[in-house]
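Everything below concerns the one structure shown next.
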DNA sequence: GCTGAAACAAGTAGTGT
DNA sequence: ACACTACTTGTTTCAGC
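Protein chains in written order, with our numbering: chain A, 5 to 164; chain B, 5 to 164.
What follows is the structure, given as structure tokens:
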């Protein structure tokens, strides 16, 4: 397991909320040196704990008003790979997972509006060979969306 | 509709993939001045197109191996708000949406492992008043995950 | 493993076209 | 609406503790 102490956790908590926060400011708040922040962030990157920094784009502001999760059933399991390839060709499909349960594949779709979603479903997804059917769960509202807790790592670090 | 031209699009494409990319470097690549990049990013922030910059944390690296979508059915529709409040108390529930279709609420859960997920489901979610039942779609694998396309804005800008 | 200073690079604001 | 310049601030490296 990776080493992961209080300083790492505090740095992570800050930069994952604001990736452009100056390291010098973080250092000041944690009362550590400028360069230590730099060293720790480099370590976290090397370990793969942090991968990259992204600017978050508001989907509604750029015209995507309909967010929907879609469960996909296959005619037979062997079509899975091919269907994933087909889904990848549709830019509005932002996420694609193999799942357990009633569906084989579970995706996240962003469309301009409900009509656009209907088009994507019936003119594109349903035409992919191997797709037996779909169920859509259109998001009326997102109540909350938040980052993953960091407690597991610190708990484990305590055992080292 | 917002003004949104080629420069805006190019800047967005770059910073959403790397929020710490130096503005000066973006300026160089687009062959525009340093300060124009700065101005445009400020504009995009004011318009709400970009909200904040985040560092992406790898869930597996920090101990969360089980990702699952969970559909929640309610005993009666009027319980909705209360159930959302209950879900908010569970830190491993990272996203919560009101949805159309078979379920009333659809959530994203990250757990240490399958047993931990089971615990969250039966010892926490099922004990919230109003929850009639749940179905879990455990993600065996995420085939792809990508950012939203930006073409809509530029298409609309052309009509202005 | 951490700090501090020094060299370097980038962000910011004001002015002019 | 954009570029240029001067100024401020942050980043990064490295010697030393």
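Glycine residues also receive a C-beta, built at the ideal position from the N, C-alpha and C atoms.
Only a predicted model underlies this, so the values are computations on that prediction, with no experimental measurement involved.
- For residue 11/B, there is no enclosing beta strand (DSSP E); the residue is found in the alpha helix (DSSP H) stretching over 10-19.
- Residue environment for residue 58/B: buried (at least 16 other C-beta atoms within 10 angstroms of its C-beta).
- Under a criterion of Cβ atoms nearer than 8 Å, the residues of chain B adjacent to residue 57/A are, in order, 22, 23, 24, 57, 58, 59, 60.
- For the C-beta of residue 104/A, the chain B residues within less than 9 Å are, from N- to C-terminus, 72, 140, 141, 142, 143, 144.
- Pairing residue 121/A with residue 140/A, the inter-Cα distance amounts to about 10 Å.
- Inter-segment contact for the region 16-29 of chain B and the region 88-96 of chain B is absent: fewer than three beta-carbon pairs are separated by less than 8 Å.
- Nearest to residue 38/A by C-alpha distance, out of 142/A, 82/A, 113/A, 28/A, is 28/A.
- Along the region 26-60 of chain A, the positions whose C-beta sits under 8 Å from a C-beta of chain B are 51, 52, 53, 54, 55, 56, 57, 58, 59, 60, read in chain order.
- Residue 10/B sits exposed, since fewer than 16 C-beta atoms from the chains shown fall within 10 Å of its C-beta.
- Counting of Cβ neighbours within 10 angstroms places residue 70/A among the buried residues, the total reaching 16 or more.
- Per the coordinates, the alpha-carbon of residue 54/B lies some 16 Å from the alpha-carbon of residue 149/A.
- Straight-line spacing of the CA atoms in residue 64/B and residue 94/B works out to 19 Å.
- According to DSSP, residue 110/B shares a beta bridge with 75/B, 101/B.
- Per the C-alpha coordinates, the member of 45/A, 118/A, 133/A, 62/A positioned closest to residue 50/B is 62/A.
- Between the region 117-137 of chain B and the region 66-83 of chain B there are three or more inter-stretch CB-CB distances shorter than 8 Å, so the stretches are counted as touching.
- Contact between residue 67/B and residue 157/A is confirmed by a C-beta separation of about 6 Å, below the 8 Å threshold.
- With respect to residue 98/A, residue 151/B sits close: the two C-beta atoms are nearer than 9 Å.
- Residue environment analysis places residue 44/B among the buried positions, since at least 16 neighbouring C-beta atoms fall within 10 angstroms of its C-beta.
- For residue 57/A, the enclosing beta strand (DSSP E) begins and ends at 54-61.
- Rounded to the nearest whole angstrom, the CA to CA distance from residue 40/A to residue 60/A is 27 Å.
- Secondary-structure assignment with DSSP links residue 148/B through a beta bridge to 100/A.
- Taken through DSSP and simplified to helix, strand or coil, residue 90/B comes out as helix.
- The Cβ-Cβ distance between residue 115/A and residue 92/A does not fall below 9 Å.
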